[in-house]
Each structure stands twice: as structure tokens, then as C-alpha cells.
Amino acid sequence: MMVTISKSLLLVVATTMASVVFAEPVKKDDPGKIVGGDDAAIGDYPYFVVMGGCGGALIAPDIVLTAAHCKSYEGQQVIVGGYRPTTLVEGSQARFCETWIADPKYKTGGGINKYDFALCKLSEPVFIDSNVKLKLNEFDAVPKAGKDLIIMGLGYLQEGGPFLSNTLQDIQVPAISNEVCSTEEYYGDLITDSMLCAGFDEGVLDACQGDSGGPLVRRKTNDKDGTIVDTHVGVVSWGEGCAQPKKPTVYARTSKNLRWIKSTMCEMGSIADFCDDYPPLDQELTITLTTDKWAFETSWVLKDIENNIVMKRNYLVDSSTSQHKVLLRSNECYQFILSDSAGDGLCFDGVCGSYSFDLNGVEKLSENGDLFESARVIDICTSDTPDCKDDETFEYNGNPDRTCENWVGVGKKKEIKKKCKKDWLAGKIYDVCLQTCGEFGLGRCSD
Ligand code: 4AZ
Numbered sequence: 230m231m232v233t234i235s236k237s238l239l240l241v242v243a244t245t246m247a248s249v250v251f252a253e254p255v256k257k258d259d260p261g262k263i264v265g266g267d268d269a270a271i272g273d274y275p276y277f278v279v280m281g282g283c284g285g286a287l288i289a290p291d292i293v294l295t296a297a298h299c300k301s302y303e304g305q306q307v308i309v310g311g312y313r314p315t316t317l318v319e320g321s322q323a324r325f326c327e328t329w330i331a332d333p334k335y336k337t338g339g340g341i342n343k344y345d346f347a348l349c350k351l352s353e354p355v356f357i358d359s360n361v362k363l364k365l366n367e368f369d370a371v372p373k374a375g376k377d378l379i380i381m382g383l384g385y386l387q388e389g390g391p392f393l394s395n396t397l398q399d400i401q402v403p404a405i406s407n408e409v410c411s412t413e414e415y416y417g418d419l420i421t422d423s424m425l426c427a428g429f430d431e432g433v434l435d436a437c438q439g440d441s442g443g444p445l446v447r448r449k450t451n452d453k454d455g456t457i458v459d460t461h462v463g464v465v466s467w468g469e470g471c472a473q474p475k476k477p478t479v480y481a482r483t484s485k486n487l488r489w490i491k492s493t494m495c496e497m498g499s500i501a502d503f504c505d506d507y508p509p510l511d512q513e514l515t516i517t518l519t520t521d522k523w524a525f526e527t528s529w530v531l532k533d534i535e536n537n538i539v540m541k542r543n544y545l546v547d548s549s550t551s552q553h554k555v556l557l558r559s560n561e562c563y564q565f566i567l568s569d570s571a572g573d574g575l576c577f578d579g580v581c582g583s584y585s586f587d588l589n590g591v592e593k594l595s596e597n598g599d600l601f602e603s604a605r606v607i608d609i610c611t612s613d614t615p616d617c618k619d620d621e622t623f624e625y626n627g628n629p630d631r632t633c634e635n636w637v638g639v640g641k642k643k644e645i646k647k648k649c650k651k652d653w654l655a656g657k658i659y660d661v662c663l664q665t666c667g668e669f670g671l672g673r674c675s676d
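In this text, residue positions in the sequence shown follow this note's numbering: the first is 230, and each later residue adds one.
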């Protein structure tokens with residue numbers, strides 16, 4: 230646990246950023262409420278962004294994720310790879326916030342913030358050359374309670390300030406389950422699913438004013454090649470005071486807002502890889518139709534929500550089966566309109582055709598041709614399918630060697646199936662080990 234305080238601190242009077250004073254270093258044995266961080270080493274958090282009053286994280290070469298309750302930073306200079314409040318160190322790069330968008334779901338009041346997310350698009354991208362990578366957490370079940378997380382920032386060194394830090398501070402704090410964080414002694418019903426609490430019961434180490442917007446990360450180090458992957462699990466958002474017992478910092482939970490984050494990034498014109506084909510056509514719909522004895526009477530169209538025709542078919546061959554594959558966007562609704570020009574459905578002389586829909590390999594609907602006369606309208610809505618890859622933060626029973634691949638994927642097929650079906654937090658292991666379990670027909674990767 231990192232509990233020592235930096236040795237030489239240039240302390241900035243918070244009220245007037247212009248008046249800079251040198252103060253005595255904060256002593257290690259200062260009582261009570263210090264935020265309690267260590268000086269980070271230069272280069273430890275190459276994605277950390279100094280926003281001037283808030284923190285942020287570079288989540289794509291040209292996008293910073295921060296908190297909505299920080300002011301709009303449009304036009305403001307920021308420091309990517311920041312380590313000091315107003316000067317550059319090795320690895321720091323200054324940019325300007327070109328555009329700033331706060332989450333429209335963001336709400337503040339009563340001392341709390343909901344959906345406290347905002348994005349800033351940089352004037353120029355920053356390509357970080359480091360063995361430390363940052364990715365966004367996709368899994369609501371992560372982090373498990375008790376898991377060590379890291380926060381970093383240049384915020385107040387103690388509740389009420391007035392001193393901000395002159396060097397980037399970091400601390401490790403354990404994740405607290407929402408269940409515990411919603412008990413009366415903590416924050417009661419102020420905690421929602423889209424929040425995440427982290428900190429010690431007794432306080433002592435904590436984020437504070439000025440740390441807002443900064444990332445809460447789960448660090449994984451690959452011992453073999455020394456690469457580090459930090460998973461962004463939350464944005465510093467709110468809390469009662471700083472480092473108070475049973476009043477941990479509450480973070481905006483990254484996994485709960487990925488769709489907004491990603492789609493907004495792409496709408497802002499980000500160069501993030503996933504924006505190349507945004508919004509992605511990643512939902513495969515298969516339509517299978519068997520005609521009746523008067524095939525030419527049968528036709529259909531598939532329309533999107535704006536009434537654009539996505540696909541249409543008119544048939545000719547009697548009593549034959551055709552299969553049509555079309556890629557749709559996630560989380561959108563489409564309309565399938567099947568018509569029979571003679572008004573006798575998909576039937577002739579009591580012999581009917583049929584049709585069925587299969588989304589990503591899962592049958593959604595199958596009907597016989599006698600359910601309509603002239604037209605049958607079917608709404609087809611897609612949902613989000615997580616990328617078909619294992620959650621890299623998964624480790625069974627806290628053992629770093631028991632990852633999806635190394636624990637789940639080793640052994641006989643039957644054994645693997647059993648492991649995949651095991652309960653893990655609120656779900657099953659196959660919810661997080663998509664790829665490994667999928668290979669054995671259990672996860673979403675299965676055919
Ligand atoms: C703030 O004002 C703030 N200890 C952020 C986090 C916490 C308190 C205040 C939590 O930005």
C-alpha cells in the first residue's frame with residue numbers, strides 16, 4: 230500500500246492559481262485526513278491528463294475521458310502524460326481541448342453526480358509510446374469487491390485543501406461492492422448501478438477535490454514482457470469530504486456507459502480504431518424463407534428505423550428455400566414487411582411455406598406461412614453483443630495465473646464446460662471468458 234507523502238511539494242493556493250507559494254512538505258505522520266498518496270514516477274501513467282483543476286484519461290489518441298461536473302474545457306490547454314500542474318516533463322505533451330461534450334444523462338444535485346462523464350477531443354492526437362496501455366472496462370462484474378485499484382491526480386492533499394499537489398500522486402484503494410456502498414453507514418440509496426465506490430473503510434487514502442475526472446484503473450502487469458494494461462473502471466466523481474471513514478469516493482462506472490462513450494467519440498470524429506466503421510454493422514441477421522406454390526406473389530422488405538430499405542427480395546421459384554444474410558447495427562430496431570400480392574398468405578391449397586429469423590446464430594422467430602393474408606409486419610431489434618474476447622482482468626479466486634485461458638481453458642472438454650458454468654460474482658464465468666468458453670460452445674463466441 231502506498232502511504233508515504235511526497236518529499237518536496239510545490240503547493241498551489243487553490244483559490245488563486247496565480248499565487249504560487251512554496252510550503253513545507255506535508256509530513257508523513259500528519260494526522261487524519263491527508264489524501265495519502267505517493268509521488269508517482271514519471272511515465273507511470275502516460276495516459277493521465279492534467280486538465281487544470283481536474284484530471285482526465287486519454288482513451289484514444291485524440292480523446293480524453295473526464296467528468297461532466299468539471300467545467301467545459303473547450304479551448305483550454307491540457308497536458309497529456311501530465312505530471313505537474315503547469316509544466317511539462319518527459320513524456321508530457323500539451324494539446325488544446327477542441328470540443329467538449331458532457332453526457333446528456335449527467336445530473337447533479339444534493340452533492341452527488343449521476344453519469345458524470347464528459348469527453349474532450351484534442352486539437353491534435355497524441356500517440357503514446359509506452360509499455361503502459363489503457364483500455365476501457367467492458368464488464369459490469371469488474372472490479373470485484375476488494376480488488377486493488379489505482380487512482381492518480383494532482384488534487385487536494387487533504388480535505389478542504391488548500392494545497393494542490395505539484396507532482397502526480399497515486400494511491401491504491403480497494404473496490405467496494407455497490408451493496409456495501411448503499412448501506413446506511415455509507416451512502417444509502419444515493420448509489421446507483423452506474424456508480425462504483427472504492428476506498429478504505431477507515432478513509433485515510435482517497436481522491437479529493439481537483440482529482441475529479443481522473444481515472445480509477447485496475448492494473449495488470451505481464452511478468453513475461455513487462456507490459457502493463459490498465460483497465461479504466463471509473464471516473465472520479467463525488468464523495469462526502471475526503472478520506473472520511475465509510476465515505477469513499479464514488480466513481481462514474483465506465484462499463485455502464487460504454488455505448489455513449491464510444492458513439493460520442495465517433496460522432497466527434499475520433500480516429501479511434503473502432504470509429505472506422507461506426508456505427509458497426511456487427512449483428513448478423515439470417516432470414517430463411519420457403520416459398521409456397523406461387524412464389525412470385527411473395528416479397529419482403531427490411532427497413533431501418535428511418536425507413537431506409539436495408540434489403541428486399543421478390544421470389545420466383547416455387548416451394549424453394551432461400552437464405553439471406555444481412556448485417557445490422559447493434560441496439561437498433563428494424564421492420565420486416567412480408568407481402569403476398571394475392572392476399573392468401575404464404576400458402577396454396579393448404580400447403581404453406583414458412584420463414585424464420587436468426588440473429589447472431591440464435592433463432593429468434595420461426596413462423597408458418599398461414600399467419601397472414603396480405604402482409605405481416607415483424608419488428609426485429611438487435612442488442613449489444615460484447616466483443617468476443619476474454620476479460621483480461623478475470624482471475625479466479627484472486628490468483629493471477631487463473632485467467633480465462635490458463636484456468637478455464639486447460640483440461641478436458643467436460644471439465645472446461647463445468648468451469649465455464651460456475652457462478653462468478655453476479656453472473657457465470659462464461660460471461661467474462663467469452664472466447665475461451667465460446668470455443669467449447671458455452672460463451673457468445675460459439676457457433
Ligand atoms: C470534488 O470536489 C471531489 N473524496 C471529488 C472527489 C471527492 C470529493 C470531492 C471524494 O471534485
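By construction, the Cβ of each residue, glycine as well, lies at the ideal position given by its N, Cα and C atoms. Being a predicted model, the structure only gives us computed values, none of them experimental.
Out of curiosity, what's the CA-to-CA distance linking residue i and residue j?
i, j, result
"residue 564", "residue 557", "12 Å"
"residue 332", "residue 308", "22 Å"
"residue 661", "residue 578", "51 Å"
"residue 603", "residue 513", "27 Å"
"residue 664", "residue 588", "19 Å"
"residue 261", "residue 328", "Any reading at residue 261 is ruled out, since the residue's pLDDT is 28, under 50, leaving its predicted position unreliable."
"residue 607", "residue 533", "12 Å"
"residue 337", "residue 419", "12 Å"
"residue 527", "residue 559", "29 Å"
"residue 299", "residue 400", "22 Å"
"residue 621", "residue 582", "47 Å"
"residue 368", "residue 492", "18 Å"
"residue 463", "residue 488", "15 Å"
"residue 250", "residue 435", "Note on residue 250: pLDDT 26, under 50, position unreliable in the model; no value is reported."
"residue 666", "residue 651", "11 Å"
"residue 429", "residue 437", "14 Å"
"residue 366", "residue 624", "15 Å"
"residue 363", "residue 292", "12 Å"
"residue 288", "residue 566", "41 Å"
"residue 658", "residue 648", "7 Å"
"residue 585", "residue 373", "41 Å"
What are the boundary residues of the beta strand (DSSP E) that residue i is part of?
i, result
"residue 425", "424-427"
"residue 449", "444-450"
"residue 398", "398-405"
"residue 328", "322-331"
"residue 362", "361-365"
"residue 457", "457-467"
"residue 284", "284-289"
By DSSP, does residue i sit in helix, in strand, or in coil?
i, result
"residue 551", "strand"
"residue 355", "coil"
"residue 512", "strand"
"residue 659", "helix"
"residue 438", "coil"
"residue 368", "coil"
"residue 585", "strand"
"residue 261", "Any reading at residue 261 must be qualified, since the residue scores a pLDDT of 28, below 50, and its modelled position is unreliable; no value is offered."
"residue 619", "strand"
"residue 517", "strand"
"residue 312", "coil"
"residue 274", "coil"
"residue 560", "coil"
"residue 524", "helix"
"residue 568", "strand"
"residue 266", "coil"
"residue 590", "coil"
"residue 611", "coil"
Buried or exposed: residue i, going by 16 or more other Cβ atoms within 10 Å of its Cβ?
i, result
"residue 552", "exposed"
"residue 465", "buried"
"residue 468", "buried"
"residue 546", "exposed"
"residue 264", "buried"
"residue 595", "exposed"
"residue 425", "buried"
"residue 351", "buried"
"residue 392", "buried"
"residue 397", "buried"
"residue 456", "exposed"
"residue 407", "buried"
"residue 562", "exposed"
"residue 388", "buried"
"residue 270", "exposed"
Name the two residues that bound the continuous alpha helix (DSSP H) containing residue i.
i, result
"residue 194", "The structure shown does not extend to residue 194, since the chain is modelled only from 230 through 676, so no value can be given for it."
"residue 643", "642-650"
- Query: Are three or more beta carbon pairs between the stretch 374-386 and the stretch 335-355 nearer than 8 Å?
  - Reply: At 8 Å Cβ cutoff, the stretches do not touch.
- Query: On the three-pair Cβ rule with 8 Å, is the stretch 272-290 touching the stretch 435-455?
  - Reply: yes
- Could you tell me whether the stretch 394-414 touches the stretch 352-367, where touching means 3 or more Cβ pairs closer than 8 Å? no
- On the three-pair Cβ rule with 8 Å, is the stretch 279-299 touching the stretch 382-400? yes
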